[in-house]
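Novice: Numbering (the working numbering), first residue to last: 2 to 130. Where a beta carbon is used, it is the ideal one built from N, C-alpha and C, also for glycine. Note that this is a predicted model, so its numbers are computed, not measured. I have a structure I would like to understand better, so I am pasting it below and will then ask my questions one at a time.
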């Protein structure tokens, strides 16, 4: 019988977990990457239950980790947008794959399934199954 490899630590996975492991980060990246949500208020409406302070913290961390760029237009009232950086753009296929996998592996109500089909149609993303 073959012996299992002895991997004590994988720096690549540890680094990934450190960057995207925060609560809401995957969803934030999803909305910015695939749904083109750009503003704090839009994100807040998409992320049911997130507080302003938590959303601000997660956005700051994603900017610091070079997944998002924060664009401040210096206007009154303040207008700020978030966009994917090169690193964030390179993560888009993984977000798409996670959406596909989740839709295939988890059970959803008819209403939830209809909402996902509608979102895919609106975003021009092929249906799963």
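#1: Comparing C-alpha positions only, which one of 92, 72 and 15 sits nearest to residue 30?
#2: Measure how close the beta-carbons of residue 83 and residue 51 come, nearest whole angstrom, since I'm counting them as under 8 Å.
#3: Comparing C-alpha positions only, which one of 45, 38 and 98 sits nearest to residue 127?
#4: Leaving out five residues on either side along the sequence, give the residues of the same chain with a beta carbon under 8 Å from the beta carbon of residue 103.
#5: Within the chosen definition, does the region 21–29 reach the region 61–78 through at least 3 CB pairs nearer than 8 Å?
#6: How far does the beta strand (DSSP E) with residue 69 in it reach, from first residue to last?
#7: Which of helix, strand or coil does DSSP assign to residue 81?
#8: Which runs of the alpha helix (DSSP H) fall wholly inside the region 16–66 and span at least 4 residues, in chain order?
#9: In this structure, does DSSP put residue 90 in helix, strand or coil?
#10: When DSSP labels each residue in this structure, what does residue 102 get in the three-state scheme?
#11: So, for residue 73: in the same chain, excluding its five sequence neighbours on each side, which residues have a beta-carbon less than 6 Å away from its beta-carbon?
#12: Using the Cα positions of residue 89 and residue 110, report the straight-line distance between them to the nearest angstrom.
Specialist: According to the structure data:
#1: As a position in the chain shown, residue 30 is number 29, starting the count at 1. Checking every option, the nearest Cα to that of residue 30 belongs to 92.
#2: The residue you call residue 83 lines up with position 82 of the chain shown. The residue you call residue 51 lines up with position 50 of the chain shown. No, residue 83 and residue 51 are not in contact; Cβ-Cβ is about 14 Å, not under 8 Å.
#3: Mapped onto the chain shown, residue 127 falls at position 126. The option with the nearest alpha carbon to residue 127 is 98.
#4: Within the chain shown, the letter at position 102 stands for residue 103. No residues qualify anywhere along the chain.
#5: yes
#6: Along the chain shown, read from residue 1 onward, the residue named residue 69 stands at position 68. Taken as a continuous stretch (DSSP letters only), the beta strand (DSSP E) holding residue 69 covers 69–73.
#7: For this step, residue 81 is matched to residue 80 along the chain shown. Looking at residue 81 - three-state DSSP - the assignment turns out to be strand.
#8: 26–34, 41–47 and 53–65
#9: Taking the chain shown and counting its residues from 1, one reaches residue 90 at position 89. DSSP places residue 90 in helix when its eight states are reduced to three.
#10: Sequence index remark: in the chain shown, residue 102 carries index 101 (1-based). DSSP places residue 102 in helix when its eight states are reduced to three.
#11: Numbered from 1 along the chain shown, position 72 holds the residue referred to as residue 73. Closer than 6 Å at Cβ, skipping near neighbours: 81.
#12: Taking the chain shown and counting its residues from 1, one reaches residue 89 at position 88. Taking the chain shown and counting its residues from 1, one reaches residue 110 at position 109. If you take the alpha carbons of residue 89 and residue 110, they lie about 31 Å apart.
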